[in-house]
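Reading through the structure tokens given below for one structure.
Residue numbers (our numbering): -5 to 392.
Written out as structure tokens, the structure reads:
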């Protein structure tokens, strides 16, 4: 009610117009005050509210820290109590006293009793007297067998000298991995020195040659070629094989199915000077590849032509039989002929399917000879100085 009365009182106060005009004039003279840098007044009660919020936050943080400390302390107490409670809860093991072993039964009465001795000597009919007595005296049996057992044990166990003479051996390994774990031991190789490299052609040398005869692999046969250039010794100082040397080789097997090359062995060489060497080296291509290549005839028509012809004749006979017979029962039946044709096809294929292919190589083709062993010319050649400085020429030895 006081607020309403104050409002009414304020409304009832008179307005001084002169005072307001003077205040407005003074304001126009001085201008409006600059309040940009001045701090805005706070609402009444704002500071108290902020202080209350700050205290509340501090109290909450303190409570959380206190609770965390109490939790850690309780965990430590629980861990200590658990450790202290771990103990052996099993009852103590009580072992009973061991039972004493019974002593041997006295057998003096049996030994001294003559009736027992007589019963012990009684044997069953039809049995051995030494091994089948009715009653046996244990003391006598032990006395009789003691020496025999010692003798047998002495025979089985070797003496100390014999045991010492045997070398301690290693037990042989066994099992699925025993063979795989054994290492591969190779023999050592010893280095040697070549005697006379001027008159020696070592293994691995290549000789270039040109065919003189045509080569056909249908039958085993021989082949001839001539060296295109001279071949020097291992050190390259002496000519051992002159250009034009004749090489003779042979081919023993036919070309197998699916193989593009055939093997040739060069057996000997003959130089223009009349020197003959047993070569026994394999033939290669111009670049050293094993075997000789050429044009290959697979004989497709010869292998399958006869069978195809017999099969066509069989099909033609079946067509005639079906056309002439129709659906009537009076038609011509060629069942036996059809079976005979199938058997003929199988026979023809069996005889012709294994025809081997044939390799053709014309004369004049280049071939290579791979020297398979060291060739020593010291028994047929001797060195003499040549016209060039530091050069030697091989001449036949006389």
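Where a beta carbon is used, it is the ideal one built from N, C-alpha and C, also for glycine.
Contact check between the region 285 to 300 and the region 249 to 257: three or more CB pairs, one atom from each, fall below 8 Å, which counts as touching. The closest CA to that of residue 238, considering only 364, 265, 198 and 371, is found on 265.
Here the alpha carbon of residue 192 sits roughly 12 Å from the alpha carbon of residue 225. The C-beta distance from residue 196 to residue 222 rounds to 21 Å, too long to meet the 8 Å contact threshold. In the three-state DSSP reduction, residue 241 falls in the strand class (E or B). Counting along the chain, residue 214 sits inside no beta strand (DSSP E), nor does DSSP assign it H or E at all.
Around the beta-carbon of residue 243, 16 or more other beta-carbon atoms lie within 10 Å, marking it buried. In the three-state scheme derived from DSSP, where H, G and I count as helix and E and B as strand, residue 303 is classed as helix. Looking at 240, 46 and 348, the one whose alpha-carbon comes closest to that of residue 207 is 240. By the CB criterion at 7 Å, residue 354 and residue 258 fall outside the cutoff.
Going by DSSP, residue 200 is part of the beta strand (DSSP E) stretching over 200 to 205. Within the region 232 to 299, complete beta strand (DSSP E) segments of at least 3 residues are found at 233 to 235, 240 to 245, 259 to 264, 270 to 278 and 289 to 291, given in chain order. The straight-line gap separating the alpha-carbon atoms of residue 348 and residue 294 is approximately 11 Å. With a cutoff of 7 Å on beta-carbon distance, residue 233 and residue 220 are scored as not near each other. Counting along the chain, residue 360 sits inside the beta strand (DSSP E) bounded by residues 360 to 364. Per DSSP, residue 350 is not a residue of any beta strand (DSSP E), being assigned neither H nor E. Around the Cβ of residue 371, a 10 Å sphere holds 16 or more other Cβ atoms; the residue is buried.
With fewer than 16 other Cβ atoms inside 10 Å of its own Cβ, residue 93 counts as exposed.
Classified as exposed, residue 175 has fewer than 16 neighbouring CB atoms from the shown chains inside 10 Å of its CB. Of the candidates 297, 360 and 248, 360 places its Cα closest to the Cα of residue 282. According to the DSSP secondary-structure assignment, residue 92 is paired through a beta bridge with no residue. Residue 280 and residue 172 have their C-alpha atoms roughly 48 Å apart. Contact between residue 300 and residue 346 holds: CB atoms are separated by about 6 Å, below the 8 Å threshold. Contact annotation, residue 365 with residue 198: C-beta distance approximately 7 Å; criterion of less than 8 Å satisfied. The Cβ atoms of residue 269 and residue 304 do not sit closer than 7 Å to each other. Collapsing the DSSP output to three states places residue 377 in a strand.
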